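Everything on this sheet refers to the single structure shown next.
2 protein chains.
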Amino acid sequence: MQFYLNGLRTGDPMTEPAAEGAPQTVLPDTTDVLIVGSGPAGLVLAAQLSQFPSIRTRIVERRAGPLLMGQADGVACRTVEMFEAFGLSERLLREAYWVNETVFWRPDAQDRGTIKRTGRVQDTETGLSEFPHVIVNQARIQDYLLDVMRRSAQRFEPDYGLEVVDVQRDDTDDYPVHVTLQCTDAGRPQELVTVRARYVVGCDGARSRVRTAIGQTLRGDAANHAWGVMDALAVTDFPDIRLKAAIQSASKGNLLIIPREGGYLVRFYVDLGEVTPENRDSIKQTTVDRIIETAQGILHPYSLDVKEVAWFSVYEVGQRLTERFDDALAPDGTAREPRIFIAGDACHTHSAKAGQGMNVSMQDGFNLGWKLGAVLQQRSDVELLRTYSDERQPIAQELIDFDKEWSAMMAAPPKDPGRPEAGGVDPAELQAYFVRAGRYTAGVATRYRRGMLTGEATHQALAKGFPIGMRFHSAPVIRVADAKPVHLGHAARADGRWRLYAFSDAGGNALRGLCDHLATAPGSILRLATPEHADIDSVLDLRAVLQQPHREVRLEDLPALLLPRKGCHGLVDYEKAFTSDAATDIFDERGIDRERGALVVVRPDQYVAHVLPLDDYAELSAFFRPILRLP
Amino acid sequence: MQFYLNGLRTGDPMTEPAAEGAPQTVLPDTTDVLIVGSGPAGLVLAAQLSQFPSIRTRIVERRAGPLLMGQADGVACRTVEMFEAFGLSERLLREAYWVNETVFWRPDAQDRGTIKRTGRVQDTETGLSEFPHVIVNQARIQDYLLDVMRRSAQRFEPDYGLEVVDVQRDDTDDYPVHVTLQCTDAGRPQELVTVRARYVVGCDGARSRVRTAIGQTLRGDAANHAWGVMDALAVTDFPDIRLKAAIQSASKGNLLIIPREGGYLVRFYVDLGEVTPENRDSIKQTTVDRIIETAQGILHPYSLDVKEVAWFSVYEVGQRLTERFDDALAPDGTAREPRIFIAGDACHTHSAKAGQGMNVSMQDGFNLGWKLGAVLQQRSDVELLRTYSDERQPIAQELIDFDKEWSAMMAAPPKDPGRPEAGGVDPAELQAYFVRAGRYTAGVATRYRRGMLTGEATHQALAKGFPIGMRFHSAPVIRVADAKPVHLGHAARADGRWRLYAFSDAGGNALRGLCDHLATAPGSILRLATPEHADIDSVLDLRAVLQQPHREVRLEDLPALLLPRKGCHGLVDYEKAFTSDAATDIFDERGIDRERGALVVVRPDQYVAHVLPLDDYAELSAFFRPILRLP
């Protein structure tokens with residue numbers, strides 16, 4: 281955590297000084313970005329945009345206030361990595377339940393009316409991420425993000441109690457998206473308000489009005505699948521009640537148990553089957569008592585005494601997806617600049633089973649946030665915004681494919697060894713699939729395809745452990761100047777900056793050459809990309825990882841670019857140079873070419889954009905030219 | 281972190297539901313405890329007392345509001361351990377500078393007008409604590425503690441702008457300490473207010489009026505030592521500016537550099553020598569420019585360009601101590617019940633050099649807090665309160681002895697190898713002393729003597745790594761029910777409860793026997809100590825550490841006392857049983873007798889009170905009988 285660059289301030293350094301006029305409590309006529317909906321996608325986007333003081337953002341929400349309860353709760357490793365960039369990982373890890381192991385239960389072969397533990401696996405493969413898979417109520421996740429917004433210079437809060445009634449686009453206006461809003465509180469005046477925005481993002485859920493306005497439709501499953509979901513405080517003698525447990529009974533149905541934060545609360549997912557026109561009404565009317573009875577039946581011979589139901593819902597969802605996540609195709613089929621985006625459930629819906637919905641939605645917001653930031657700060661051309669739909673739509677499709685497979689497996693009856701002809705899923709198969717699918721559910725399987733932001737894999741061999749298009753997989757290092765053990769990936773803050781991780785060559789000459797080039801060459805992409813009077817790392821943030829033990833590094837010998845002078849006082853930033861940790865050598869750990877080193881280019885949302893030789897200045901510039909607006 | 285035991289609440293689980301009538305903003309006529317002074321000692325005490333909803337506490341402070349800047353900044357490992365019990369360790373570790381290594385510089389033998397690095401050591405011995413030694417402004421430490429108070433059921437805030445003018449004791453009153461207060465704000469009415477309290481604690485600094493009122497005097501050094509202390513944002517080519525650096529120059533003096541939070545700020549301590557009647561005025565008038573010049577001289581040939589001085593003080597202190605920390609000796613020399621206590625600088629002052637003042641003061645508050653809590657909750661007799669002065673006064677004396685030695689070493693001129701007859705300290709000697717003194721400065725050397733709260737070491741061999749009288753040295757374990765890797769010591773919350781850590785014998789029979797005894801025997805100290813209708817762990821919290829790998833433990837086989845039913849719903853607490861971590865076997869790590877096991881009794885302030893055989897029920901009861909008020 282760096283602060284006090286421009287002088288010491290008293291108070292909490294995590295809270296930015298308030299901008300003049302902040303907070304602006306009245307909804308303005310115009311705004312740079314209007315976000316519709318304060319769910320996970322909308323709040324990650326808002327939290328990201330709140331980090332750019334020059335950008336005006338508003339977020340409107342139908343509800344009268346913040347979410348208090350319920351809905352999603354699974355937080356994938358990848359999401360915790362993102363939360364680290366927002367400064368939220370510690371409190372999340374402190375408060376959440378950690379999914380350490382998952383157990384599988386199946387009908388006891390000796391007595392098929394009862395269940396028996398058949399497997400126990402580590403939930404997350406060792407080394408997959410520096411963070412665990414955790415569980416916490418979606419309301420708390422949203423509170424954390426609201427807190428980030430509140431601490432920003434704009435002291436940013438959502439505008440609650442407003443819903444969209446109309447969205448129009450008028451490209452003759454500097455603020456081409458006109459959104460008409462209506463108050464949802466019957467007690468307040470019902471006149472309509474129009475906000476004109478440069479960009480609008482619909483994070484307004486599966487019934488998105490923004491989606492409808494841009495003519496997109498959720499397509500996919502003909503039918504929905506239903507789950508009874510219950511957060512309960514209960515007493516049971518089922519021994520795995522504090523482990524994630526997938527339970528298949530012989531004839532009573534299937535149950536997924538997810539322990540929750542605080543040590544007592546447990547979430548139960550009871551499978552209610554496919555929704556048909558015939559059964560829809562009866563499924564919708566499933567009572568909490570029925571859910572409890574079903575869970576009790578499945579858990580037999582163990583008892584379940586529910587003392588308090590904190591939240592309950594019959595959750596009905598199909599796996600559906602829109603064709604695009606923006607309005608870059610005009611109604612007449614011609615291409616145009618995207619001005620309206622959709623994110624989260626507005627453009628893709630998933631079964632609850634793989635615990636992916638909230639996580640993927642937040643990654644939508646993280647993907648779009650820095651891009652809107654770069655365009656609105658005039659660092660990038662609008663072309664950048666096309667990559668949002670291009671990148672995220674295929675990822676959502678992949679997720680749905682995965683989710684379908686997974687949900688089908690979870691929903692199918694277990695195979696009866698006595699009656700193999702009756703079909704069903706072999707519990708061993710379910711467990712094996714679970715292990716294979718681990719990277720997916722951890723959120724680290726996402727791989728963006730070759731494109732404007734994802735380079736060709738020509739030099740991938742220089743850094744095998746940082747696959748281009750995938751998230752930067754952090755590893756421990758030592759920071760040279762203060763000998764602190766840190767995670768290299770945690771250099772990435774959610775500040776819209778690109779990171780250039782330069783892993784030194786054996787001799788160090790190529791690293792020095794790169795630093796000299798970037799610092800002084802007239803064609804240096806770093807010099808060209810940095811606005812006048814801005815800190816030298818304000819667009820491209822160079823970090824170096826050296827090969828020698830940290831006590832052998834002489835700070836005096838570091839290239840000047842690794843000790844840059846910054847801020848109003850020209851202070852030295854000492855946090856640019858690292859070396860391998862004694863216990864974990866990052867060069868080995870991530871397959872870096874020790875002889876030649878490697879330059880790993882990482883996007884503001886933590887994805888590896890390119891891997892290049894340290895001395896391939898031309899290719900580095902060529903990669904950034906289409907992305908950055910240069911003089 | 282456990283919460284929702286008595287039902288789910290929305291919002292931040294770290295914030296307790298407000299008690300009726302909280303916050304009470306008007307200073308009441310009577311209170312259980314009145315704390316004078318909101319420095320580190322006073323705020324730790326207040327934060328601790330805020331955890332007991334039935335106890336009424338107020339804290340008055342002369343200043344008009346919270347501390348904003350300056351003063352102490354070193355946070356010893358031991359203090360971070362205590363902060364963990366208050367739920368504050370994550371934010372402290374995130375925000376603070378970590379002291380990873382310390383370097384030593386001395387005059388260059390080739391050119392004694394310049395300095396040269398002569399040593400570099402790890403600051404904290406490996407394994408000394410699970411937490412690092414960190415540095416953060418005292419104002420931030422105090423903010424964290426204020427936050428704990430604010431989140432308590434009482435929504436507790438200090439009463440600012442009030443100073444003590446008189447303290448009287450009248451043992452005929454139920455509230456025997458009468459404190460007269462006056463408003464320090466000249467703009468407010470100046471009438472005097474009297475608050476009557478059951479107990480008063482003077483945490484009002486070196487010029488304590490509470491100390492004067494109980495007739496105690498700080499005794500010790502005839503003269504004070506002076507230091508120029510400056511928090512600065514500076515540019516330098518001194519390569520170790522982000523490491524803790526002890527610098528001895530040949531003739532310009534000595535300098536201690538302490539890097540600070542945020543990556544840019546640095547604290548400089550310049551030695552100004554002993555204060556005599558002759559030089560006092562000139563020392564007091566030392567300007568910040570003079571301090572900067574001196575630092576520049578010492579750092580030669582390196583440059584130092586100070587851009588901003590965030591805080592500056594000439595700090596003049598002697599090593600002094602009072603005879604008692606309470607009023608348990610009446611003016612006529614007879615013993616009486618202690619009603620007035622002093623803590624922190626009010627009863628012991630230290631040189632700034634060893635970075636101990638703030639840490640020891642906070643431990644005073646932590647020591648006294650749970651004792652006042654136990655007596656006011658009628659769990660213990662007033663005898664318990666005598667142990668505060670009995671325990672803390674000798675610790676302060678030891679600290680002063682250590683501090684004197686250390687300060688003398690830091691202040692002495694370095695030995696000139698060319699002129700050994702001139703005396704001075706050999707830099708190698710300084711460095712060696714530093715390494716030896718590491719446990720002291722980490723705050724983990726404190727060892728309470730045999731007494732009411734510190735048992736005889738008869739059975740110490742059963743758990744060699746948990747010395748009786750010293751703080752419980754945590755180690756990693758796996759929590760059985762949810763397979764979570766945790767630190768055993770972090771089971772200790774600042775909640776006034778005792779912990780009984782039962783390390784299983786090889787066969788497990790002795791552990792089972794202990795659990796059965798505690799749960800069911802008529803003479804069980806645990807049953808006797810637990811108030812009717814209270815949770816079974818509300819006074820003595822039993823935790824067990826088993827020997828087998830966690831996947832081999834069958835939850836069904838655990839003694840009932842390790843799966844206790846608690847709260848209004850009778851929910852099961854699953855966080856009582858642990859096993860060794862695969863990487864670190866706590867039995868090996870802490871020298872536990874594998875055959876016989878051990879029972880380690882730990883006080884509410886994390887100190888080991890006793891080590892006993894698992895089956896020595898009689899001795900366990902005998903130990904607690906004088907401490908706990910039993911039926």
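Chains A and P are the protein sequences, given in the same order. The first sequence runs contiguously to residue 911 in my numbering. The second sequence runs contiguously to residue 911 in my numbering. Backbone N, C-alpha and C define an ideal beta-carbon position, used for all residues, glycine too. None of the values given here were measured: they were computed from a predicted structure.
Practice task
Classify residue 478 of chain P as buried or exposed, calling it buried when 16 or more other Cβ atoms lie within 10 Å of its own Cβ.
Solution key: buried
Handout entry: Length of the line joining the Cα atoms of residue 761 of chain A and residue 619 of chain P
Key = 51 Å
Handout entry: Members of the region 525-553 of chain A near chain P, C-beta cut-off 7 Å
Key = 539, 542, 543, 544, 545
Problem - Inter-stretch contact (C-beta, 8 Å, three-pair minimum) for the region 659-671 of chain A and the region 340-349 of chain A - result: no
Practice task
Provide the residue(s) that pair with residue 575 of chain A in DSSP beta bridges, ordered along the chain.
Solution key: Residue 575 of chain A pairs with nothing; no bridge assigned.
Handout entry: Residue burial classification, residue 575 of chain A (beta-carbon count within 10 angstroms, cutoff 16)
Key = buried
Handout entry: Short Cβ contact (9 Å threshold) for residue 434 of chain A with residue 302 of chain A
Key = yes
Practice task
Look at the alpha carbon of residue 772 of chain P and the alpha carbon of residue 765 of chain P, and state the distance between them as a whole number of angstroms.
Solution key: 16 Å
Practice task
Report the three-state DSSP secondary structure of residue 586 of chain A (helix, strand or coil).
Solution key: strand
Problem - residue 768 of chain P beta carbon less than 9 Å from that of residue 646 of chain P - result: no
Handout entry: Contact with chain P by residue 849 of chain A, beta-carbon distance below 9 Å
Key = yes
Practice task
Establish whether the CB of residue 825 of chain A and some CB of chain P are separated by less than 9 Å.
Solution key: no
Handout entry: Close-in-space but distant-in-sequence residues of the same chain around residue 469 of chain A (CB under 8 Å, 5 per side omitted)
Key = 463
Problem - Beta-carbon neighbours of residue 287 of chain P, restricted to chain A and to distances below 8 Å - result: 513, 588, 590
Problem - Rounded distance between the beta-carbons of residue 794 of chain P and residue 681 of chain P, thought under 8 Å - result: Not really, about 41 Å apart at Cβ, beyond 8 Å.
Handout entry: Contact set between residue 378 of chain P and chain A, taken where Cβ atoms lie within less than 8 Å
Key = 762, 764
Handout entry: Between the CA atoms of residue 445 of chain A and residue 893 of chain A - distance to the nearest angstrom
Key = 53 Å
Handout entry: Proximity winner among P:807, P:735, P:704, relative to residue 747 of chain P (alpha-carbon distances)
Key = P:735
Practice task
Answer with yes or no whether the minimum CB distance from residue 351 of chain A to chain P is below 9 Å.
Solution key: no
Exercise for the section: Examine chain P for any beta-carbon lying closer than 9 Å to the beta-carbon of residue 521 of chain A, and answer yes or no. Expected result: yes
Practice task
Would you mind reading off the limits of the alpha helix (DSSP H) that contains residue 327 of chain A?
Solution key: 320-329
Practice task
Answer yes or no: does any C-beta atom of chain A fall closer than 9 Å to that of residue 884 of chain P?
Solution key: no
Problem - Residue closest to residue 580 of chain A, alpha-carbon to alpha-carbon, out of A:526, A:447, A:394 - result: A:394
Practice task
Take the Cβ of residue 519 of chain A as the centre, count every other Cβ of all protein chains shown within 10 Å, and call the residue buried at 16 or more, exposed below.
Solution key: buried
Problem - Neighbouring residues, chain A, relative to residue 282 of chain P (Cβ below 8 Å) - result: 542, 543, 544
Practice task
Measure from the C-beta of residue 457 of chain P to each C-beta in chain A and report whether the shortest distance is under 9 Å.
Solution key: no
Exercise for the section: Name the two residues that bound the continuous alpha helix (DSSP H) containing residue 486 of chain P. Expected result: Run containing residue 486 of chain P: none; DSSP gives neither H nor E here.
Problem - C-beta atoms of residue 381 of chain P and residue 397 of chain P nearer than 9 Å - result: no
Problem - Alpha-carbon spacing of residue 719 of chain A relative to residue 330 of chain P, whole angstroms - result: 45 Å
Exercise for the section: Kindly provide the ranges of any beta strand (DSSP E) runs that are 3 or more residues long and lie completely inside the region 752-812 of chain A, ordered along the chain. Expected result: 756-759, 764-767, 778-783
Exercise for the section: Just the C-alpha distance for residue 507 of chain A and residue 739 of chain A, rounded to the nearest angstrom, thanks. Expected result: 47 Å
Problem - Whole runs of the beta strand (DSSP E) within the region 315-392 of chain P, excluding any shorter than 3 residues - result: 337-341, 377-379, 381-387
Practice task
State the Cα-Cα distance for the pair residue 899 of chain A and residue 866 of chain P, rounded to the nearest angstrom.
Solution key: 53 Å
Exercise for the section: Can you grab the Cα-Cα spacing for the pair residue 945 of chain A / residue 360 of chain A, in whole Å? Expected result: As shown, chain A starts at 281 and ends at 911. That puts residue 945 of chain A outside it, with no answer to give.
Exercise for the section: Return the CA-CA distance between residue 703 of chain A and residue 671 of chain A, expressed in angstroms with no decimal places. Expected result: 38 Å
Exercise for the section: Provide the residue(s) that pair with residue 303 of chain A in DSSP beta bridges, ordered along the chain. Expected result: Its beta-bridge partners do not exist; DSSP assigns none.
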